[in-house]
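*Asks:*
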Amino acid sequence: QVQLVESGGGLVQAGGSLRLSCAASGSSFVINYMAWYRQAPGKQRELLALITSGGGTNYADSVKGRFTISRDNAKNTVNLQMNSLKPEDTAVYYCRLNTAVGGFWGQGTQVTVSS
128 QVQLVESGGG LVQAGGSLRL SCAASGSSFV INYMAWYRQA PGKQRELLAL
178 ITSGGGTNYA DSVKGRFTIS RDNAKNTVNL QMNSLKPEDT AVYYCRLNTA
228 VGGFWGQGTQ VTVSS
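242 is the number that the numbering used here gives the last residue of the sequence shown; the numbers go up by one with no jumps.
1. Could you spell out the range, first to last residue, of the beta strand (DSSP E) harbouring F194?
2. Are the beta-carbon atoms belonging to G235 and Y220 less than 8 angstroms from one another?
3. With a threshold of 16 other CB atoms inside 10 Å of the CB of E215, please say whether the residue is buried or exposed.
4. Decide yes or no for the touch test of the region 156-174 against the region 195-206: beta carbon pairs closer than 8 angstroms, at least 3 of them.
5. Use the C-beta contact count for G181: other C-beta atoms within 10 angstroms, 16 or more gives buried, fewer gives exposed.
6. So, using beta-carbon positions, are L207 and A176 closer together than 8 angstroms?
7. Could you give the C-beta distance for V238 and T217, rounded to a whole number, given that I count them as a contact under 8 angstroms?
8. Going by other Cβ atoms of all chains shown within 10 Å of its Cβ, with 16 needed for buried, is G169 buried or exposed?
9. Can you tell me the Cα-Cα spacing of S211 and N185, whole angstroms?
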């Protein structure tokens, strides 16, 4: 069993920054990739950023240039640095871990950006 614990959400003014972290623990696993998603009220969950086991990254157009995903392999953590935040970034943010035996979700952390 794998557990993912997210932290770092909160309330910030437009133009501000937040850093989300997600720590993975539990059974031994081989990581394919780690990613961040978000889901706003009434909308589908969307993929924001992904980082592979080799360090390759990919971003959604909506966050490219503003968000940066990184990982600490030794600590099994993935981070999302979010800069130049906009009110439309308001959502619940989830981390996802994809392994050789399946995918796992964190519980989500709320990010609210005020105008």
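Ideal Cβ positions, reconstructed from N, Cα and C, are used throughout, including at glycine.
*Replies:* Per the coordinate set shown:
1. 194-199
2. yes
3. exposed
4. yes
5. exposed
6. yes
7. 6 angstroms
8. exposed
9. 19 angstroms
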